[in-house]
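Take a look at the structure set out below.
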Amino acid sequence: MSEIYRASTTAPVNIAVIKYWGKRDAKLNLPTNSSLSVTLSQNDLRTHTTASCSASYPAEDSLLLNGKPQDVSGARTQACFRELRALRKEVEAKDSNAPKLADLPLKIVSENNFPTAAGLASSAAGFAALVRAIANLYELPADPTELSRIARQGSGSACRSLFGGYVGWEQGSATDGSDSKAFEVAPASHWPNMRAVILVVSAAKKDVSSTSGMQTTVATSSLFASRASETVPRRMKEMQDAIKNKDFETFGKVTMMDSNSFHATCLDTYPPIFYLNDVSRAAIKMVEQINTAAGKIIAAYTFDAGPNAVIYYLEENEKQVAGVFKTLLADKDGWSGERGAAIEGNYEAA
Ligand code: PMV
């Protein structure tokens, strides 16, 4: 019986406050604009992944997600496997005692503790965990910037899940993607009282995938060009300043305006893409009411490619923000609840 080599890791979900929407290179997942996100704590939404390899395994690489076999033949997954194997080959070339792992079949086993593909950035945590688990298995240097460049090829937003806290993704300009990678804006400890409540409006799979949605937006939306070239670059700077200054009012305002701008380009896409629904819009109104009552911005909503709301707030405003949503959803029945469920997120280092 041949030896089985194994390594495990977890990667958390990240929720963008400046959204990535648009690819300039669909093969390499190179974006048309930079983006910025907050990484959730490992205790909340995360993917746990074990990567193993062995000469005793069937010849084909395999991936099991929540117990179900997944297709690994897609270009994204293949790109991650190929890059990681190439790095392992370098290790093996330098050290003749290093076991020859790069040519062995891989078995990846992943578990999400949240609904897959419901606009909850499952692919971000998924690819970040896959890349780090294989990097650990291959004993590669665990530099998150370098791993982010590989994870980006699996799913763009995955590059940001390799860092904890407040994370940027520099769009870069190189055609080979070498400068399109994640960077730390600030560690979670810099602004540790950031919280989020997530309203799971629907745990169903989204009907327009982010990849096809982005392509159609880039091709048809007249709002898209100004968003990518003017609005986002300005907001990237405003957002980084807001985080550095721990200025929640600016953080919140820019977060909400950027979510609105992203969903406006979706509506402006032809045929239009509707990610928000009536419950999402009710959540937006509720946040507005909370802020009006407080006389300042203490809550900020944002929506990815789905109807679920993520609402950011500071811990000291827990009662006024999360309290309101939790009262509304007192009969919550978990992630699959029809009326939505609320969970709290702590933002900590990954
Ligand atoms: O990385 P993808 O292909 O799942 O795209 C993510 C796109 C958004 O979640 C809508 C925005 C973002 O920056 O995460």
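Numbering follows my numbering, in which position 62 of the sequence shown is assigned residue number 49; successive positions increment by one, without gaps. Virtual Cβ for every residue (Gly too), placed ideally from N, Cα, C. As the structure is a prediction and not an experimental result, all values here were calculated from the model.
{"query": "Cβ-heavy atom distance, residue 12 to the ligand PMV, below 7 Å", "result": "no"}
{"query": "Proximity below 8 Å, CB of residue 274 to CB of residue 286", "result": "yes"}
{"query": "Which of helix, strand or coil DSSP assigns to residue 289", "result": "strand"}
{"query": "Nearest residue (CA-CA) to residue 156, options 50, 135, 242 and 73", "result": "135"}
{"query": "Which of helix, strand or coil DSSP assigns to residue 210", "result": "coil"}
{"query": "beta-carbon residue 7 near the ligand PMV non-hydrogen atom, thresh 7 Å", "result": "yes"}
{"query": "Beta carbon of residue 23 nearer than 8 Å to that of residue 154", "result": "yes"}
{"query": "Pair within 8 Å by beta-carbon distance, residue 109 and residue 139", "result": "no"}
{"query": "Cutoff 6 Å; reference residue 17; Cβ partners in own chain excluding five residues on either side", "result": "11, 164 and 167"}
{"query": "8 Å Cβ shell around residue -8 - same chain, five flanking residues per side excluded", "result": "39, 40, 41, 86, 88, 91 and 124"}
{"query": "Cβ neighbour criterion (16 or more within 10 Å) applied to residue 161", "result": "exposed"}
{"query": "Residue 34 beta carbon less than 8 Å from that of residue 113", "result": "yes"}
{"query": "Check: residue 26 C-beta below 7 Å from any heavy atom of the ligand PMV", "result": "no"}
{"query": "First and last residue of the uninterrupted alpha helix (DSSP H) at residue 81", "result": "62 to 81"}
{"query": "6 Å CB neighbourhood of residue 256 in its chain, flanking five on each side removed", "result": "203, 204, 207 and 208"}
{"query": "Stretch-stretch touch, CB-based, cutoff 8 Å, three pairs: the stretch 217 to 231 with the stretch 167 to 176", "result": "yes"}
{"query": "beta-carbon residue 116 near the ligand PMV non-hydrogen atom, thresh 7 Å", "result": "no"}
{"query": "Boundaries (first-last residue) of the beta strand (DSSP E) holding residue 277", "result": "Unbroken run through residue 277 is the alpha helix (DSSP H), 265 to 281; no beta strand (DSSP E)."}
{"query": "Distance CB(residue 4)-CB(residue 226) smaller than 8 Å", "result": "yes"}
{"query": "Sequence-distant residues of the same chain with beta carbon closer than 6 Å to residue 32, five excluded per side", "result": "0 and 101"}
{"query": "Residues of its chain near residue 76, where Cβ-Cβ distance is below 6 Å and the 5 sequence neighbours each way are ignored", "result": "89"}
{"query": "Residue 110: CB within 7 Å of a non-hydrogen atom of the ligand PMV", "result": "yes"}
{"query": "Anticipated Cβ contact below 8 Å, residue 49 with residue 94, distance rounded", "result": "5 Å"}
{"query": "Whether residue 97 touches residue 19 by CB criterion (8 Å)", "result": "no"}
{"query": "Member of 290, 269, 307 and 129 whose CA lies at the smallest distance from the CA of residue 282", "result": "307"}
{"query": "Assigned exposure category for residue 236 - 16 Cβ within 10 Å defines buried", "result": "exposed"}
{"query": "Cα-Cα separation between residue 7 and residue -10, rounded to whole angstroms", "result": "42 Å"}
{"query": "Heavy atom of the ligand PMV within 7 Å of residue 3 beta-carbon", "result": "yes"}
{"query": "Counterpart residues of residue 296 in DSSP-defined beta bridges", "result": "186 and 290"}
{"query": "Within 8 Å, strictly: CB atoms of residue 63 and residue 189", "result": "no"}
{"query": "Cβ pair residue 250, residue 290 closer than 8 Å", "result": "yes"}
{"query": "Nearest-angstrom beta carbon gap, residue 122 and residue 71 [assumed within contact, 8 Å]", "result": "6 Å"}
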